[in-house]
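What follows is one structure encoded as structure tokens, with my remarks underneath.
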Amino acid sequence: MTKQTMLIGGGIASGLVVLILVIVLMGTSKQQQATPTKLPRIDQAKVMKRIDYEIFDKDNDGRYTENIDNEANNTFIDGEKFGNRQASVTDMVYYSALNKDADSSGMGYSYIFKEHEINNITTKWDKDGNTFVAKGNFVVKETGKKYPFAFKFNADYMILQEWFGRDIRI
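The following block contains the structure:
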């Protein structure tokens, strides 16, 4: 083999290596561009359905609550953890919404709020991209005033935390 043949062969081999590297780099950048940088759209109707079910369903079996056994530690009323209080969550919300004694006699949320009426609901993904928060208002039957709430959901629309009343800090 002559020097000229070796130089031509080396040049062709180098060109092929550079071409392969360019193709690989282009493929990698296209994959990165194809990866969604935006979080998926939150289905407002599904959020409304989940909140409405948790508040107004007669069975109240916690179907959409991720950990029903830990409800007391994941529910906050007027900024305070519900914890192990004597009253039920409904009683505490009743007290908060109507500023009356904490005895609703087990009347349920449909006695306190206009049934199935959720207003001004907004949703926003958390920075981690694994959870989002839905905030809005229930309408109080007696006064027509808006009663604030917030629910924290995971990406599967399971409820992680519930906040009712003032001092919502989700």
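Under our numbering, the first residue of the sequence shown is numbered 10, with each subsequent residue one higher.
The beta carbon of each residue, even a glycine, is placed where N, CA and C say it ideally should be.
Tell me the rounded alpha-carbon separation between residue i and residue j.
i    : j    : result
N129 : A106 : 17 Å
D70  : K47  : 34 Å
W134 : T99  : 28 Å
T44  : R50  : Unreliable positioning characterises T44 in this predicted model, as indicated by a pLDDT of 44, which lies under 50. A coordinate reading is not provided.
S97  : Y103 : 10 Å
W172 : T84  : 6 Å
Who are the near neighbours of residue i in its chain, counting only those whose CB is closer than 7 Å to its CB and skipping five residues on each side?
i    : result
N163 : E75, N139, T140 and L169
G117 : T99
Would you mind working out which of the options sits nearest residue i, comparing C-alpha positions?
i    : options                  : result
A159 : V148, T14, G174 and K150 : G174
I127 : S23, L30, V56 and M35    : V56
D176 : E89, A54 and G20         : E89
Y166 : I32, Y73, K67 and L16    : Y73
K155 : W172, D52, F122 and K161 : F122
V149 : E124, E171, K136 and T11 : E124
E151 : N108, E63 and K136       : N108
What does a CB cutoff of less than 6 Å around residue i pick up in its chain, not counting 5 residues either side in sequence?
i    : result
S119 : F65
M101 : I86
T131 : K144
From the DSSP secondary-structure annotation, give me the bridge partner or partners of residue i.
i    : result
Y62  : Beta-bridge pairing links Y62 to no other residue.
T84  : E171
K155 : V148
Can you tell me where the alpha helix (DSSP H) holding residue i begins and where it ends?
i   : result
N93 : Unbroken run through N93: none, as it is neither H nor E.
T74 : Run containing T74: none; DSSP gives neither H nor E here.
What residue range is occupied by the uninterrupted beta strand (DSSP E) comprising residue i?
i    : result
N146 : T140 to V149
N128 : F122 to W134
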